[in-house]
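Peer 1: Residue numbers (the working numbering), protein chains in the order written: chain A, 14 to 719; chain B, 6 to 337.
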Amino acid sequence: MNQVIGKSVNRKDGRAKVTGQATYGAEHQIPNLVHGYLVTATIANGSIRNIDTQQAAATPGVIAVFTHKNPPKIFKPTNNWMTSKIYEARLPLSDNKIHYAGQIVGLVVADTFERARDAAHQIKIEYETHSPQINAQKANYQQATSIFGEDMEYLAGEFETGDISVSGAATVEAIYTTETEIHSPMEPHALVAHWDNNDSVTIYEPTQWVKGSQRTYAELCGVPQEQVRIVSPYIGGAFGCKAFPWSHGVLCVAAAREIKRPLKVVVSRRQMTANTGHRSQTEQTIRLAANKDGKLRAIKHIAKSCTSPVEVFPEPCTGITPVIYATPNMHLKQEIAVLNVGTPTFMRAPGENPGMFALESAMDELAWELNIDPVELRLRNETKEHQRTKLPFSAKHFAECLKIGAEKFGWSDRQMQPRSQQQGELLVGWGMAAAAFPALRNRAEAKIRLLPDGIAHVLTSANDVGTGAYTVIAMTAAETLGLPVENIRVELGDSIMPNGGMAGGSQMTATLTPAVLTACQKVLETAKAQNAKEAFANLRESGLTAYEATASSAPGEEGKKFAFNSWGAHFCEVTVDEEIARLRVTRWVSVINIGRVLNSKTAASQIRGGVIMGIGQALMEECHFDPNIGYPVVYDLATYHFPAHADIPRIEVSFVGEPDLNFNPMGARGCGEIGITGVAAAVTNAVYHATGKRIRSLPITPDKLL
Amino acid sequence: MKNFAYVRANSVEDAISRTTNDRQAMFIAGGTNLVDRLKVFLDEPSQLVDVSRLEMKQIERTNEGGLKIGALVTNTDLANHIEVRRNYPLLSRAILAGASQQIRNMATVGGNLMQRTRCPYYYDTAFPCNKRQLNTGCPAATGINRIHAILGASESCVAVNPSDMSVAMAALDATVEVQGMQGKREIPLIDFHRLPGNTPDRDTNLEPGELITAVILPPLSFAKSGVYLKLRDRASYAFALVSVATALEVAGEQIKNARVALGGVAHKPWRAMEAEEFLIGKAANNKSNFEQAAEIALKDAKTLAHNGFKVELSKRAIRRALTVSAQGGGIV
Ligand SMILES: Cc1cc2nc3c(=O)[nH]c(=O)nc-3n(C[C@H](O)[C@H](O)[C@H](O)COP(=O)(O)OP(=O)(O)OC[C@H]3O[C@@H](n4cnc5c(N)ncnc54)[C@H](O)[C@@H]3O)c2cc1C
């Protein structure tokens with residue numbers, strides 16, 4: 014063992030990315046490539062009475078125009094998790110109905126991007142327009158089913174135990190709201206579809222789930238799975254919006270087949286505000302009742318979110334509530350309403366993120382009510398078991414996160430009263446909140462090849478969405494084989510490789526590295542060697558071209574014995590210049606418990622990224638829809654604000670706890686999403702401490718501080 | 006996008022004659038605003054007349070002791086120019102508060118004056134918009150109007166001018182020098198941009214064919230007291246919700262002269278003359294004078310559904326900026 018696991022290792026893919034060698038979906042150069050531009054609806058509710066494509070079709074360079082009158086052939090997919098999955102159940106161009114502004118109503122294909130865009134602009138559409146339902150406050154809410162209407166009961170949210178009406182020495186009840194947020198990855202949604210003889214296709218597209226995408230496109234095209242190849246080696250950010258094909262992808266692949274040319278479709282930033290997912294706005298009611306000593310007696314958590322007319326996606330806010338604190342009485346409920354907006358979807362910590370904003374804000378309110386330090390209040394309510402499944406948590410170090418975080422931050426110096434800390438003209442506030450995210454793991458396969466030149470080659474279809482997967486896979490192989498990381502070559506993101514699972518739900522590391530570990534052990538066995546050095550010697554002697562082994566790894570019965578979750582605590586300082594409503598986050602400490610940390614550098618970066626995204630949610634991210642027309646009124650990265658460097662302080666991240674070996678052989682839980690949970694609450698709690706003003710509606714734009 | 010010709014002007018006269026003879030022709034300088042607009046069909050010129058290589062890149066001292074700034078001076082060069090930093094610090098700070106370093110490296114003085122509104126309804130042809138096409142309506146007035154105008158708006162348009170540089174120049178009594186077929190003329194900066202009235206399609210009083218050649222800053226003895234305070238939704242790289250440029254001449258404790266201009270509140274950089282007049286002769290160490298000045302500056306404010314907060318935010322920004330100006334200026 015050369016003990017590389019846990020060290021700080023630079024990204025394997027770093028050089029390729031910063032030098033432009035990394036090829037993203039839309040960058041694949043293919044001879045004969047043509048360009049598609051999406052035509053999108055400018056109304057939010059109604060239907061197309063007439064669509065005039067004549068002028069567009071006649072413009073120079075135009076090859077084809079697809080609308081609902083002549084859609085390319087698309088086969089209806091089974092559309093469930095096991096077989097195939099598309100983000101939006103309605104297939105593109107399936108009829109003349111308009112369900113939301115920005116819905117795809119056509120695709121223009123031309124020899125250049127500019128000509129396709131120009132022709133798309135010339136299409137004239139007459140609509141029959143109905144007034145759209147845009148207002149979440151006036152919407153009609155119903156008990157939510159689970160995500161996609163599928164059988165995932167724990168996410169549906171309804172749960173009741175004990176007597177929720179009990180009161181205590183203190184009760185807080187409040188409504189918290191969050192705004193619609195857009196994923197806004199740096200790499201836009203884009204793909205190239207390249208058919209070979211009408212029966213097999215290669216698709217270059219950023220996807221968090223290569224094998225799922227392969228199966229789905231196969232069904233959509235009516236071809237066997239082996240005849241679809243997905244190539245997705247690099248992804249410029251996804252955050253949940255690149256897990257399945259969206260309508261533009263479906264349309265691109267189907268249209269490419271029809272026109273018999275390789276076709277590229279890039280979704281514009283403007284279009285991405287409407288038709289490639291968002292996090293729904295939420296309205297959450299929380300009621301907490303507690304004894305004088307702070308022990309919770311009851312938690313009520315009712316969450317409302319919105320979905321589109323063409324898919325069911327409730328934001329599962331209440332999923333995390335029974336995980337964090339112990340209480341005998343609990344009521345959780347999730348409601349959903351349909352609006353004429355695009356389809357919402359997973360966005361970094363779906364559910365946990367807004368859910369914990371509400372819960373951790375309410376906990377802060379309770380702490381003030383009881384005059385108990387908010388750290389202490391959380392410690393007193395810690396639970397050893399999941400409140401719904403009653404399973405004990407494995408390797409839980411939440412209390413340490415709280416205590417060590419408080420110490421690193423200097424929390425004990427805090428003046429308890431709001432408005433009591435000042436720095437010149439600025440009010441200073443300190444706030445904290447818990448972080449939590451479930452630890453997920455799935456089945457994955459990886460292949461190892463030991464090559465005569467002393468290189469170990471790892472292959473799997475899994476991919477790196479920017480998280481550092483290339484690096485932790487290499488580190489796992491290096492550790493197991495006894496090789497330097499530089500001698501490991503990792504190839505990811507291609508469906509011809511073994512099934513590496515999905516980069517979603519913070520599960521990639523936990524899912525894949527055990528498979529890499531097992532494959533490495535297996536290849537050493539094959540080579541009859543203790544380590545790679547011996548294996549390479551044996552290989553050269555044998556005259557073979559390579560030793561190869563493929564292994565898979567999957568969770569076993571452990572999920573019946575334990576609940577697996579990751580934990581953390583955020584502490585932050587804000588300053589408020591009250592007269593001019595200027596709020597700055599000036600200091601941040603996060604202490605996180607994710608089992609074994611495989612690469613301290615990329616793990617800390619994931620947490621930092623989560624914190625930054627959470628600060629964005631706290632301070633500025635919001636997508637509004639025009640109340641009359643229904644179209645988003647943000648249209649690019651200059652109007653949809655997320656943090657600039659100047660908004661972000663130094664973020665100090667540390668990890669606590671031991672390897673969670675009940676969970677998987679690596680002892681590693683994921684860290685992609687936990688970083689964002691609790692962040693917004695830590696900020697609003699700090700703002701309360703600074704100003705005495707409780708902000709229950711995100712984001713805290715200057716108008717809310719007046 | 007519609008095909009257009011691209012021509013490089015070889016002289017100011019050449020540039021002017023091309024746009025005078027062809028009303029569909031447009032100048033392009035740094036391209037940081039126009040190219041974005043072209044991509045989303047806001048402008049469909051017949052030709053782009055590239056003026057960026059013309060000789061208008063100098064910053065010169067005027068006989069009066071002010072500065073003459075060529076229209077092609079980049080925002081970066083202007084902000085960093087030693088005389089500007091020394092004698093007009095608020096201009097330097099206003100420019101540096103805008104856009105990003107990369108954009109400022111390309112952006113020019115002329116282009117900055119001519120940049121168009123960031124109203125989302127203007128920016129997407131999916132929406133009707135009187136500014137894009139007269140008599141189609143203004144959905145912003147009844148839509149999401151958090152960033153829209155509180156001063157000088159009309160029924161036909163509630164958009165705001167997005168420029169930071171122009172607000173500073175308005176406070177500094179700048180003059181815009183323009184040249185057309187008829188020769189040169191000078192327009193005071195505060196009359197350069199227009200209120201929307203019922204012609205929101207016109208942002209400025211520049212006549213077709215006219216080229217901005219320079220901006221002239223008169224000397225201002227108390228320019229060092231200048232403050233530019235920009236309040237926005239994120240710490241950097243965002244347009245102003247509200248911005249304020251101020252400067253004060255104080256003798257003893259008495260205000261002798263004052264400048265107050267606002268950005269983000271109107272279809273043009275908004276000079277608050279009445280507030281300035283009020284301040285003259287008042288005590289500089291009495292904050293209530295600044296409060297009253299702010300009330301005066303905003304007394305005609307009219308709000309829409311979502312931008313009411315801008316009134317209070319503007320008042321507070323004025324108060325703060327004047328307070329800092331009274332102390333000799335600096336960064337807020
Ligand atoms: C993401 C982003 C953020 C930004 N943020 C800010 C901000 O916070 N604050 C701010 O003030 N600005 C901001 N800007 C705008 C920026 O300042 C302008 O784009 C820039 O100043 C325009 O200058 P340009 O030379 O590139 O103009 P161009 O794009 O070349 O031209 C703009 C217009 O001016 C006309 N024009 C150019 N030169 C002349 C001339 N000499 N005479 C007559 N007409 C002329 C052109 O015909 C065109 O209509 C931002 C821009 C972007 C893209």
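The beta-carbon is built from N, C-alpha and C at its ideal position, and this holds for glycine as well.
Which first and last residues belong to the beta strand (DSSP E) in which ALA564 of chain A is found?
Peer 2: As a position in the first sequence, residue 564 of chain A is number 551, starting the count at 1. It spans 560-566 - the beta strand (DSSP E) in which ALA564 of chain A sits, taken as one unbroken run.
Peer 1: Which residue wins for smallest C-alpha separation from ALA299 of chain B, given the options B:ALA289, B:ALA277, B:ILE285?
Peer 2: As a working mapping, residue 299 of chain B is identified with position 294 in the second sequence. Checking every option, the nearest Cα to that of ALA299 of chain B belongs to B:ALA277.
Peer 1: In chain order, what residues of the same chain have a beta carbon less than 7 Å from the beta carbon of ALA10 of chain A, not counting five sequence neighbours either side?
Peer 2: Given a span of 14 to 719 for chain A in the structure shown, any question on residue 10 of chain A remains unanswerable.
Peer 1: Quick one: any contact between the stretch 453-470 of chain A and the stretch 178-196 of chain A, if contact means 3 or more CB pairs under 8 Å?
Peer 2: These segments do not touch.
Peer 1: Output the residue ranges of the beta strand (DSSP E) runs that lie fully inside the stretch 576-659 of chain A and measure 3 residues or longer, sorted by chain position.
Peer 2: Whole beta strand (DSSP E) segments, 3+ residues: 578-590, 595-606.
Peer 1: Can the beta-carbon of GLU232 of chain A be found less than 7 Å from the beta-carbon of SER107 of chain A?
Peer 2: Reading the first sequence from its first residue, position 219 is the one you call residue 232 of chain A. Reading the first sequence from its first residue, position 94 is the one you call residue 107 of chain A. Cβ distance not < 7 Å, so GLU232 of chain A and SER107 of chain A don't count as in contact.
Peer 1: Which runs of the alpha helix (DSSP H) at least 4 residues long sit entirely within the stretch 255-286 of chain B? Give them in chain order.
Peer 2: Here the runs fully enclosed are 278-284.
Peer 1: Could you check whether the stretch 683-694 of chain A touches the stretch 621-634 of chain A, counting it as contact only if at least three pairs of C-beta atoms, one from each stretch, sit closer than 8 Å?
Peer 2: Verdict: yes, contact present.
Peer 1: Rounded to a whole number of angstroms, what is the C-alpha to C-alpha distance between VAL183 of chain B and TYR242 of chain B?
Peer 2: As a first step, residue 183 of chain B is located in the second sequence; it is residue number 178 there, counting from the start. As a first step, residue 242 of chain B is located in the second sequence; it is residue number 237 there, counting from the start. For VAL183 of chain B and TYR242 of chain B, the distance between alpha carbons rounds to 30 Å.
Peer 1: Under 8 Å by Cβ, that's how I've got ALA523 of chain A and PHE676 of chain A pegged, so tell me the actual separation to the nearest angstrom.
Peer 2: Residue numbering aside, residue 523 of chain A sits at position 510 when the first sequence is read from its first letter. Residue numbering aside, residue 676 of chain A sits at position 663 when the first sequence is read from its first letter. Between PHE676 of chain A and ALA523 of chain A the Cβ distance is about 7 Å, and since that is below 8 Å, they are a contact.
Peer 1: Please list, in chain order, the residues of the stretch 230-242 of chain B that have any C-beta partner in chain A closer than 9 Å.
Peer 2: Listed in sequence order: LEU234, LEU236, ARG237, ASP238, ARG239, ALA240, SER241, TYR242.
Peer 1: Nearest by alpha-carbon distance to ASP238 of chain B: which of A:PRO656, A:MET679, A:VAL666, A:VAL179 is it?
Peer 2: One-based indexing of the second sequence puts residue 238 of chain B at position 233. The option with the nearest alpha carbon to ASP238 of chain B is A:PRO656.
Peer 1: Are there any heavy atoms of ligand 1 lying less than 6 Å away from the beta-carbon of ALA154 of chain B, as far as the coordinates show?
Peer 2: Numbered from 1 along the second sequence, position 149 holds the residue referred to as residue 154 of chain B. Flag unset: Cβ of ALA154 of chain B not near ligand 1.
Peer 1: Cβ atoms of ALA252 of chain B and PHE283 of chain B: under 7 Å apart, would you say?
Peer 2: Within the second sequence, numbered from 1, the residue matching residue 283 of chain B stands at position 278. Within the second sequence, numbered from 1, the residue matching residue 252 of chain B stands at position 247. No. Outside cutoff.
Peer 1: Identify every run of the alpha helix (DSSP H) within the stretch 396-480 of chain A, keeping only runs that are complete inside it and at least 4 residues long; order them along the chain.
Peer 2: Listed in chain order, the complete alpha helix (DSSP H) runs (minimum 4 residues) inside the stretch 396-480 of chain A are 411-422.
Peer 1: Residues in the stretch 320-337 of chain B with C-beta within 8 Å of chain A's C-beta atoms, listed in sequence order?
Peer 2: Within the stretch 320-337 of chain B, the residues whose Cβ lies closer than 8 Å to some Cβ of chain A are ARG321, ALA322, ARG324, ARG325, VAL337, listed in chain order.
Peer 1: Give me the chain A residues within the contact set of LYS7 of chain B, using Cβ-Cβ distance strictly less than 8 Å, ordered along the chain.
Peer 2: Locating residue 7 of chain B in the second sequence gives position 2, counting from the first residue. Residues of chain A passing the Cβ test: ASP131.
Peer 1: Tell me the rounded alpha-carbon separation between GLU271 of chain A and TYR189 of chain A.
Peer 2: Here residue 271 of chain A corresponds to residue number 258 of the first sequence, with the count starting at 1. Here residue 189 of chain A corresponds to residue number 176 of the first sequence, with the count starting at 1. Near 49 Å, if we compare the C-alpha coordinates of TYR189 of chain A and GLU271 of chain A.
Peer 1: Are any of the Cβ atoms in chain A nearer than 7 Å to that of LEU33 of chain B?
Peer 2: In the second sequence, residue 33 of chain B corresponds to position 28, counting from 1. It is Ile, not Leu, that sits at residue 33 of chain B in the sequence shown. Not closer than 7 Å to any Cβ of chain A, the Cβ of ILE33 of chain B fails to qualify, so no.
Peer 1: With 8 Å as the C-beta to C-beta threshold (strictly closer), list the residues of the stretch 132-159 of chain B near chain A in chain order.
Peer 2: For the stretch 132-159 of chain B, which is checked against every Cβ of chain A, the residues closer than 8 Å are PHE132, PRO144, THR147, GLY148, ILE149, ARG151.
Peer 1: Report the residue from B:THR141, B:ALA145, B:GLN106 whose alpha carbon sits nearest the alpha carbon of THR122 of chain B.
Peer 2: Counting from 1 along the second sequence, the entry for residue 122 of chain B is found at position 117. Ranking the options by Cα distance to THR122 of chain B, first place goes to B:ALA145.
Peer 1: Does at least one heavy atom of ligand 1 sit under 6 Å from the Cβ of MET31 of chain B?
Peer 2: What you label residue 31 of chain B is simply residue 26 of the second sequence in a count that begins at 1. Under cutoff, so the answer is yes.
Peer 1: Since VAL647 of chain A meets chain B, which of its residues come closer than 8 Å, beta carbon to beta carbon?
Peer 2: One-based indexing of the first sequence puts residue 647 of chain A at position 634. In chain order: PRO125.
Peer 1: Please look up how many angstroms separate the CB atoms of PRO258 of chain A and TYR217 of chain A, rounded, as I've assumed it's under 8 Å.
Peer 2: Start at 1 with the first residue of the first sequence, and residue 258 of chain A comes out as number 245. Start at 1 with the first residue of the first sequence, and residue 217 of chain A comes out as number 204. Not quite, the Cβ-Cβ distance comes to about 13 Å (not below 8 Å), so this is no contact.
Peer 1: Scan the stretch 624-637 of chain A for residues whose Cβ lies nearer than 8 Å to a Cβ of chain B and list them as they occur along the chain.
Peer 2: The stretch 624-637 of chain A vs chain B, Cβ under 8 Å: LEU632, MET633, HIS637.
Peer 1: Taking just the CA atoms, how far does GLU373 of chain A sit from MET633 of chain A?
Peer 2: The sequence position of residue 633 of chain A within the first sequence is 620, counting from 1. The sequence position of residue 373 of chain A within the first sequence is 360, counting from 1. So the alpha carbons of these two residues sit roughly 19 Å apart.
Peer 1: For LEU139 of chain B, count the other beta carbons within 10 Å of its own beta carbon; 16 or more makes it buried, fewer makes it exposed. Which is it?
Peer 2: Stepping through the second sequence from its first residue, residue 139 of chain B is reached at position 134. When all chains shown are included, LEU139 of chain B counts as exposed.
Peer 1: Which stretch, first to last residue, makes up the alpha helix (DSSP H) that contains THR522 of chain A?
Peer 2: Taking the first residue of the first sequence as position 1, residue 522 of chain A is located at position 509. Where THR522 of chain A is concerned, the enclosing alpha helix (DSSP H) stretches over 521-539.
Peer 1: Would a check of beta-carbon distances place ASP129 of chain B closer than 7 Å to chain A?
Peer 2: The count along the second sequence starts at 1 and reaches residue 129 of chain B at position 124. Interface residue, yes.
Peer 1: SER245 of chain A to THR334 of chain A, Cα distance in whole Å?
Peer 2: Taking the first residue of the first sequence as 1, we reach residue 245 of chain A at position 232. Taking the first residue of the first sequence as 1, we reach residue 334 of chain A at position 321. Distance between the alpha carbons of SER245 of chain A and THR334 of chain A is about 35 Å.
Peer 1: Just how far apart, CA to CA, sit LEU309 of chain B and LYS315 of chain B?
Peer 2: On the second sequence, residue 309 of chain B is found 304 positions in, with the first residue counted as 1. On the second sequence, residue 315 of chain B is found 310 positions in, with the first residue counted as 1. The straight-line gap from Cα to Cα measures roughly 10 Å.
Peer 1: Could you check if ASP477 of chain A is buried or exposed, using at least 16 other CB atoms within 10 Å of its CB as the buried criterion?
Peer 2: In the first sequence, residue 477 of chain A corresponds to position 464, counting from 1. It is buried - the Cβ of ASP477 of chain A has at least 16 other Cβ atoms within 10 Å.
Peer 1: Please compile the residues from chain B whose C-beta is within a distance smaller than 9 Å of the C-beta of ALA123 of chain A.
Peer 2: The sequence position of residue 123 of chain A within the first sequence is 110, counting from 1. None at all; the shortest Cβ gap to chain B is about 12 Å.
Peer 1: Should THR37 of chain B be counted as a contact of ligand 1 given a C-beta to heavy atom distance under 6 Å?
Peer 2: Taking the second sequence and counting its residues from 1, the one referred to as residue 37 of chain B is at position 32. Yes; taking the cut-off as 6 Å, the Cβ of THR37 of chain B has a heavy atom of ligand 1 nearer than that.
Peer 1: Just reading off the beta strand (DSSP E) that GLU296 of chain A is part of, what are its end residues?
Peer 2: Translated into positions along the first sequence, residue 296 of chain A becomes position 283. Taken as a continuous stretch (DSSP letters only), the beta strand (DSSP E) holding GLU296 of chain A covers 295-303.
Peer 1: Near GLU665 of chain A, what residues of its chain come up, given a Cβ to Cβ distance below 8 Å and the 5 sequence neighbours on each side ignored?
Peer 2: Position 652 of the first sequence, counted from the start, is the residue given in the question as residue 665 of chain A. Cβ within range, chain order: LYS421, TRP601, VAL602, SER603.
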